[in-house]
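Read through the structure below, which is laid out as structure tokens, and then see the notes.
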Amino acid sequence: MNPQVLIPVALMLGLSAPLALAETATSPETATPAAQTQVPASVTIDGAISAQAEKIVAGTLDTAKFDQLKVIAHQKAVVMQCDAFNLDPTKYSLILAGVYPTAKEFDALEEKAQIRYQSVVMLTMGMLIGGDLAGAATDSAAYCAAAEEERGQDDTIWAKP
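In the numbering used here, the protein residues as written are 1 to 161.
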């Protein structure tokens, strides 16, 4: 679309993202090789889901707990997507417990805050798993091969093969 048309439409709709796109738009003839390189869909999906999930956890989970939740969700998605992987329920429980406050800290929260915390964790976990599975669907074989390379890490929820 022509930037002269796109910019007024974007302004009418109150959108700023199309403005950035219009500013950086190039035709295939004038694009540099770097501009012609496409970002894999799985990377775009992961970035979009992570950005939205980060908004949901803001004020509830700190960065370390959110990062741990992303790792758990990824590993859970691997179990769902890749036949060679199984969940170790004990490891899963122990690692997931690290996302929550201690029992004493959790009990000190008001009931509404406890419900919010649990809801945020579960909603975010579902979002992250779904996003990871969507990314995996773009190239399942590569996704599972990459997971095989991760298998040797100590902090996984996967059962030993």
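The beta-carbon is built from N, C-alpha and C at its ideal position, and this holds for glycine as well.
Whose C-beta lies closer than 8 Å to the C-beta of residue i among residues of the same chain, with five residues either side of it excluded?
i, result
"L13", "Reliability of the predicted coordinates at L13 is poor, the pLDDT of 36 falling under 50, and the value obtained from them is presented with this limitation in mind. Same-chain partners within the cutoff: there are none."
"F116", "The sequence shown places Arg at residue 116, rather than the Phe named in the question. Result list for R116: T60, in chain order."
If you compare alpha carbons, which of the options is closest to residue i?
i, options, result
"D154", "A53, G59, T63, I72", "I72"
"M125", "A53, T37, P40", "A53"
"A41", "A108, L94, T138", "T138"
"K145", "D83, I56, L69", "Sequence inspection shows Ala at residue 145; the Lys mentioned does not correspond to that position. The shortest Cα separation from A145 among D83, I56, L69 belongs to D83."
"D95", "H74, Q38, V57", "It is worth fixing the name first, because residue 95 is Ile in this sequence and not Asp. It is H74 whose Cα lies nearest to the Cα of I95."
"W158", "V99, K76, G98", "K76"
"G98", "T156, P161, E110, V39", "T156"
"K55", "E149, E150, A141, V121", "V121"
Near residue i, which residues of its chain fall below 7 Å by C-beta distance, leaving aside the five closest residues on each side in sequence?
i, result
"G152", "none"
"Q114", "F106"
"V57", "F66, V120, T124"
"A108", "none"
For residue i, does the three-state DSSP call read helix, strand or coil?
i, result
"L87", "strand"
Cutting at 6 Å between CB atoms, please list the residues of its own chain near residue i, excluding the five before and the five after it.
i, result
"A136", "Q81, Y143"
"V78", "F85, A147"
"T37", "none"
"A103", "none"
For the stretch 39–51 against the stretch 127–136, do three or more pairs of beta-carbon atoms, one drawn from each stretch, fall closer than 8 Å, so that the two count as touching?
Output reads yes: the stretch 127–136 touches the stretch 39–51.
Touch test, the stretch 77–93 against the stretch 55–69, Cβ-Cβ under 8 Å, three pairs minimum
No, the stretch 77–93 does not touch the stretch 55–69.
Completely contained alpha helix (DSSP H) runs for the stretch 43–98, where each covers 4 or more residues:
Fully contained in the stretch 43–98 are the following alpha helix (DSSP H) runs of length 4 or more, in chain order: 63–81, 89–97.
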